[in-house]
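Okay, so here's the structure we're looking at.
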Amino acid sequence: MSDAVSKTGRWIDLANPTRFLSVAGAALPWLGGLTVLVLAIGFWMSMNAPDDYQQGSTVKIMFIHVPFAWLSMMCYTIMSVAALGTLVWRHPLADVSAKAAAPIGAVFTALALITGSLWGKPMWGTWWVWDARLTSVFVLFLMYLGIIALTRAMDDPAKSAKATAILTLVGFINIPIIKFSVDWWNTLHQPASVLRMGGSTLDPSYLKPLLVMAIGFTLLFFTLHLMAMRNEIWRRRVTAMRRVAARSADRGTVS
Amino acid sequence: MMSHTGFVLASYGAAIIVLAALIGWIFIDQRSQRQALQELESRGVRRRSETKMDKAS
Chain C
141 MSDAVSKTGR WIDLANPTRF LSVAGAALPW LGGLTVLVLA IGFWMSMNAP DDYQQGSTVK
201 IMFIHVPFAW LSMMCYTIMS VAALGTLVWR HPLADVSAKA AAPIGAVFTA LALITGSLWG
261 KPMWGTWWVW DARLTSVFVL FLMYLGIIAL TRAMDDPAKS AKATAILTLV GFINIPIIKF
321 SVDWWNTLHQ PASVLRMGGS TLDPSYLKPL LVMAIGFTLL FFTLHLMAMR NEIWRRRVTA
381 MRRVAARSAD RGTVS
Chain X
15 MMSHTGFVLA SYGAAIIVLA ALIGWIFIDQ RSQRQALQEL ESRGVRRRSE TKMDKAS
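Protein chains in written order, with the numbering used here: chain C, 141 to 395; chain X, 15 to 71.
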């Protein structure tokens with residue numbers, strides 16, 4: 141460790157972008173390997189889970205649909221915490237984290253909607269209904285798209301950071317609405333069966349593969365988020381260096 | 015009783031295709047940023063805030 145940072149605590153060192161890059165570089169191969177391993181085990185367990193007596197083989201869609209839906213909300217929660225980091229501590233890494241997470245969150249939300257639709261057709265007899273759960277998740281998807289557009293609308297990341305953070309925090313109201321929509325309103329979507337008071341109602345033969353898949357996709361999320369954050373830091377460095385190069389070219393000095 | 019294999023395959027297929035596209039995009043972005051950084055560094059461009067520590071990484 142360089143003497144420039146050794147006086148501060150280890151945790152705060154991570155907040156230095158350069159320190160973050162070296163930690164991410166060391167962690168990513170392990171995180172990526174673990175992700176592949178857990179997802180492979182989860183996939184094998186999912187394929188060997190018995191068919192449901194009512195749902196038949198479509199119960200297997202649950203093993204990907206539920207993790208995607210959880211992650212779509214977890215990603216938005218992480219972005220909201222990052223938004224606080226931007227607004228309260230004005231930390232540049234917080235904005236990098238939020239900007240890098242948005243496209244990943246949008247992808248997981250889209251996949252939750254697609255797999256849900258493909259599950260709804262055989263089980264409910266319809267691809268889509270405008271009920272509380274489905275509509276609130278669709279609104280979440282639209283918010284991700286809005287945030288992605290806003291983070292890329294301005295040249296200077298410092299300017300878009302604040303606006304994005306405020307939009308993200310205002311939109312956080314949707315997360316409890318999604319979570320409790322199945323209890324508050326009459327929906328086609330079933331209420332919570334895993335994370336609920338009184339324990340899970342799911343049989344262990346389904347609960348085990350579901351949890352392994354959920355851990356696997358969560359690891360995948362963090363691997364991709366770290367990679368995207370690293371890309372974003374590099375992108376900002378490239379921009380800063382190009383600006384320096386342009387300025388010294390203006391002055392007529394050869395750098 | 016029911017044959018819904020098509021829906022199951024479509025779900026897993028969609029997940030694999032969409033995730034592969036996301037992962038591919040992140041890797042392509044990573045390569046282009048790395049190349050741009052190397053190109054600028056080889057031209058001797060430095061950031062104003064660059065410290066001794068930055069060069070080590």
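For each residue, glycine too, the CB sits at the ideal point set by N, CA and C.
Legend entry - Any C-beta of chain X under 8 Å from that of Ser197 of chain C: Along the first sequence, read from residue 1 onward, the residue named residue 197 of chain C stands at position 57. Taking Cβ atoms only, chain X reaches closer than 8 Å to Ser197 of chain C, which makes this a yes.
Legend entry - Pick from C:Leu171, C:Tyr193, C:Asn156 that is closest to Tyr346 of chain C, judged by C-alpha positions: For the purposes of this step, residue 346 of chain C is identified with residue 206 of the first sequence, where counting begins at 1. Selected option, being the one with the closest Cα: C:Tyr193.
Inset, instruction - Could you check the C-alpha separation between Thr255 of chain C and Ile201 of chain C for me, to the nearest Å? - result: Counting from one through the first sequence, the residue named residue 255 of chain C turns up at place 115. Counting from one through the first sequence, the residue named residue 201 of chain C turns up at place 61. Between Thr255 of chain C and Ile201 of chain C, the alpha-carbon positions lie close to 7 Å from each other.
Legend entry - Beta carbon proximity, Asn188 of chain C to chain X, threshold 8 Å: Indexing the first sequence from 1 puts residue 188 of chain C at position 48. Not one chain X Cβ lies under 8 Å of Asn188 of chain C.
Inset, instruction - Say whether chain X places a C-beta atom closer than 8 Å to the C-beta of Lys200 of chain C. - result: Within the first sequence, residue 200 of chain C is the residue found at index 60, counting from 1. For Lys200 of chain C, the answer is yes, since a Cβ of chain X falls inside 8 Å of its Cβ.
Legend entry - Which residues DSSP lists as bridging Asp191 of chain C, in chain order: Within the first sequence, the letter at position 51 stands for residue 191 of chain C. Assignment of beta-bridge partners to Asp191 of chain C by DSSP yields no partner.
Inset, instruction - Please determine, among C:Ile204, C:Ser388, C:Ser237, C:Leu360, the residue with the shortest C-alpha to C-alpha distance to Tyr216 of chain C. - result: Taking the first sequence and counting its residues from 1, the one referred to as residue 216 of chain C is at position 76. Just measuring C-alpha positions, the residue of C:Ile204, C:Ser388, C:Ser237, C:Leu360 sitting nearest Tyr216 of chain C is C:Ser237.
Legend entry - Contact under 8 Å by Cβ, Phe208 of chain C with Phe248 of chain C: Position 68 of the first sequence holds residue 208 of chain C. Position 108 of the first sequence holds residue 248 of chain C. For Phe208 of chain C and Phe248 of chain C, yes; Cβs fall inside 8 Å.
Inset, instruction - Please report how far the alpha carbon of Gly20 of chain X lies from the alpha carbon of Met353 of chain C, in whole angstroms. - result: In the second sequence, the residue the question calls residue 20 of chain X occupies position 6. In the first sequence, the residue the question calls residue 353 of chain C occupies position 213. So the two alpha carbons sit approximately 21 Å from each other.
Legend entry - Contact check, Ser212 of chain C vs Thr308 of chain C, beta carbons under 8 Å: Here residue 212 of chain C is taken as the residue at index 72 of the first sequence, counted from 1. Here residue 308 of chain C is taken as the residue at index 168 of the first sequence, counted from 1. Going by C-beta atoms, Ser212 of chain C is not nearer than 8 Å to Thr308 of chain C.
Inset, instruction - Name, please, each residue of chain X whose Cβ falls closer than 8 Å to the Cβ of Leu364 of chain C. - result: On the first sequence, residue 364 of chain C is found 224 positions in, with the first residue counted as 1. Those are Leu36, Ile37, Ile40, listed as they occur along chain X.
Inset, instruction - Would you mind listing the alpha helix (DSSP H) stretches within the region 157-229 of chain C that are 4+ residues and don't spill past its ends, in chain order? - result: Within the region 157-229 of chain C, the complete alpha helix (DSSP H) runs of at least 4 residues are 157-187, 202-228.
Legend entry - Interface flag, Gln52 of chain X vs chain C, CB-CB below 8 Å: For the purposes of this step, residue 52 of chain X is taken as residue 38 along the second sequence, with counting starting at 1. Cβ-Cβ to chain C under 8 Å: no for Gln52 of chain X.
Inset, instruction - Please state whether DSSP places Met369 of chain C in a helix, a strand or coil. - result: Residue mapping note: residue 369 of chain C aligns to position 229 of the first sequence, counting from 1. When DSSP states are grouped into helix, strand and coil, Met369 of chain C belongs to the helix group.
Legend entry - Secondary structure of Thr379 of chain C, DSSP reduced to three states: As a first step, residue 379 of chain C is located in the first sequence; it is residue number 239 there, counting from the start. Here Thr379 of chain C carries a helix assignment [DSSP, helix/strand/coil].
Inset, instruction - Determine, using beta carbons only, whether Trp259 of chain C comes closer than 8 Å to chain X. - result: If you number the first sequence from 1, residue 259 of chain C lands on position 119. Yes, contact with chain X.
Inset, instruction - Please name the residue in C:Phe281, C:Ile318, C:Asp343, C:Leu359 whose C-alpha comes closest to that of Ala246 of chain C. - result: If you number the first sequence from 1, residue 246 of chain C lands on position 106. Comparing alpha-carbon positions, the option among C:Phe281, C:Ile318, C:Asp343, C:Leu359 lying closest to Ala246 of chain C turns out to be C:Phe281.
Inset, instruction - Find out if the Cβ-Cβ distance for the pair Leu168 of chain C, Met367 of chain C is shorter than 8 Å. - result: Residue numbering aside, residue 168 of chain C sits at position 28 when the first sequence is read from its first letter. Residue numbering aside, residue 367 of chain C sits at position 227 when the first sequence is read from its first letter. At the C-beta level, Leu168 of chain C and Met367 of chain C come within 8 Å of one another.
Inset, instruction - Answer with buried or exposed for Arg336 of chain C, where buried requires no fewer than 16 other C-beta atoms within 10 angstroms of its C-beta. - result: Residue mapping note: residue 336 of chain C aligns to position 196 of the first sequence, counting from 1. Note on Arg336 of chain C: under 16 other CB atoms within 10 angstroms of its CB, so exposed under the neighbour-count rule.
Inset, instruction - Output yes if chain C places a C-beta closer than 8 Å to the C-beta of Ser25 of chain X; else output no. - result: Residue mapping note: residue 25 of chain X aligns to position 11 of the second sequence, counting from 1. For Ser25 of chain X, the closest Cβ of chain C is nearer than 8 Å.
Legend entry - Residues in the region 364-381 of chain C having any Cβ partner in chain X nearer than 8 Å: Residues are counted here when their Cβ sits less than 8 Å from a Cβ of chain X; for the region 364-381 of chain C these are Leu364, Met367, Ala368, Arg370, Asn371, Trp374, Arg375, Arg377, Val378, Ala380, Met381, given in chain order.
Legend entry - Helix, strand or coil at Ser17 of chain X according to DSSP, with G and I counted as helix: For the purposes of this step, residue 17 of chain X is taken as residue 3 along the second sequence, with counting starting at 1. When secondary structure is reduced to three states using DSSP, Ser17 of chain X falls in the coil class, being assigned neither helix nor strand.
Inset, instruction - Could you pull out every residue in the same chain whose Cβ sits closer than 8 Å to the Cβ of Met187 of chain C, ignoring the five residues on either side in sequence? - result: By 1-based counting over the first sequence, the position of residue 187 of chain C is 47. Short of 8 Å from the beta carbon of Met187 of chain C, and not among the five residues preceding or following it, lie these beta carbons of its own chain, in chain order: Lys200.
Inset, instruction - Output the boundary residues of the alpha helix (DSSP H) element that contains Phe278 of chain C. - result: Along the first sequence, one-based indexing puts residue 278 of chain C at 138. Boundaries of the alpha helix (DSSP H) harbouring Phe278 of chain C: 272-291, taken from the DSSP string.
Inset, instruction - Could you give the DSSP three-state label for Thr358 of chain C: helix, strand or coil? - result: To locate residue 358 of chain C, count along the first sequence from 1; it is residue 218. It is helical.
Legend entry - Own chain partners of Lys261 of chain C with C-beta closer than 6 Å, once the 5 adjacent residues on each side are dropped: Along the first sequence, read from residue 1 onward, the residue named residue 261 of chain C stands at position 121. Correct list, in chain order: Trp267.
Legend entry - Interfacial residues, the region 231-253 of chain C to chain X, with Cβ spacing under 8 Å: Here the close residues are Pro243, Ile244, Val247, Ala250, Leu251.
Inset, instruction - Note down, in chain order, each residue of its chain lying with its Cβ closer than 8 Å to the Cβ of Ile318 of chain C, except the 5 sequence neighbours on either side. - result: By 1-based counting over the first sequence, the position of residue 318 of chain C is 178. The answer, listed in chain order, is Met213, Arg273, Ser276, Val277, Leu280.
Inset, instruction - Note the first and the last residue of the continuous alpha helix (DSSP H) segment covering Gly256 of chain C. - result: Sequence index remark: in the first sequence, residue 256 of chain C carries index 116 (1-based). From DSSP, the alpha helix (DSSP H) with Gly256 of chain C extends over 232-264.
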